[in-house]
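J.: Heads up: take any position in the sequence shown, counting from 1, add 1458, and you land on our numbering. Where a beta carbon is used, it is the ideal one built from N, C-alpha and C, also for glycine. Let me give you the structure first, and then I'll get to my questions.
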Amino acid sequence: MEEVEQRPERLPRMPIGTVRALTGNRVKLPGMGLLKALHVGCVALSFAGYLARGIWMLRDSPRLRARWVRVVPHVIDTLLLVSAIALTIRLQQYPFVHDWLTAKVLALIAYIVLGAIGLKYGRTRKIRIAAWVAALLTFGYIVAVALTRQVLPFPTLI
């Protein structure tokens, strides 16, 4: 008589922390790869869009006033924010609990303020350019913190 392979019994759904406590290790959750890919893709699109709009601002391009240029960044940034919140919940890593994530959130606020000054609210061209460059540097810091999970991601120069 041929043996039939039995399927292992499925465990009931439990909160992530419970699964980690029971198994003693990290659990790879389904869909995390897709969620992370969405987040990273939105980061890349957001950066490319901000860079392009900054260049158009420098050149006084009429493209900066096109309707799609004013709408698309909001759609991308909304998806970026939603994916960031979903990742935070799924990974159970929260701002003001994990220092690197707190640094990312605070830098994100600085990036938003600098970006708004750089593209819209800067009173002079010089202020807009300085804010735009500062926003690009802040963006680089945010990415470095995300990759290293360190508040100070750059090696010390001393």
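1) Give the DSSP-derived three-state secondary structure of Gly-1580 in the structure shown.
2) Tell me which residue opens and which closes the alpha helix (DSSP H) that Ser-1504 is part of.
3) Out of curiosity, what's the CA-to-CA distance linking Lys-1562 and Arg-1586?
4) For Ala-1495, count neighbouring Cβ atoms within 10 angstroms of its own Cβ and tell me buried if that reaches 16, exposed if not.
5) I'd like the span of the alpha helix (DSSP H) that includes Arg-1521, first residue to last.
6) So within the region 1522 to 1574, which uninterrupted alpha helix (DSSP H) runs reach at least 4 residues, ignoring any that extend past its ends?
7) For Ser-1519 and Ala-1592, what's the separation of their Cα atoms in angstroms?
8) Less than 8 angstroms between C-beta atoms, sequence neighbours within five positions excluded: which residues of the same chain meet that for Phe-1597?
T.: Let me spell this out:
1) Here Gly-1580 sits in coil by DSSP.
2) Residue range 1490 to 1516 is occupied by the alpha helix (DSSP H) that includes Ser-1504.
3) Going by the C-alpha atoms only, they are around 23 angstroms apart.
4) Exposed: under 16 other Cβ atoms inside 10 Å.
5) First-last for Arg-1521: undefined, no H or E at that position.
6) Within the region 1522 to 1574, the runs of alpha helix (DSSP H) that reach at least 4 residues and sit entirely inside it are, in chain order, 1525 to 1549, 1557 to 1574.
7) Answer to the nearest angstrom: the Cα atoms are 21 angstroms apart.
8) If the five residues before and after Phe-1597 are omitted, its C-beta is found closer than 8 angstroms to the C-beta atoms of Phe-1505, Tyr-1508, Tyr-1569, all from its own chain and listed in chain order.
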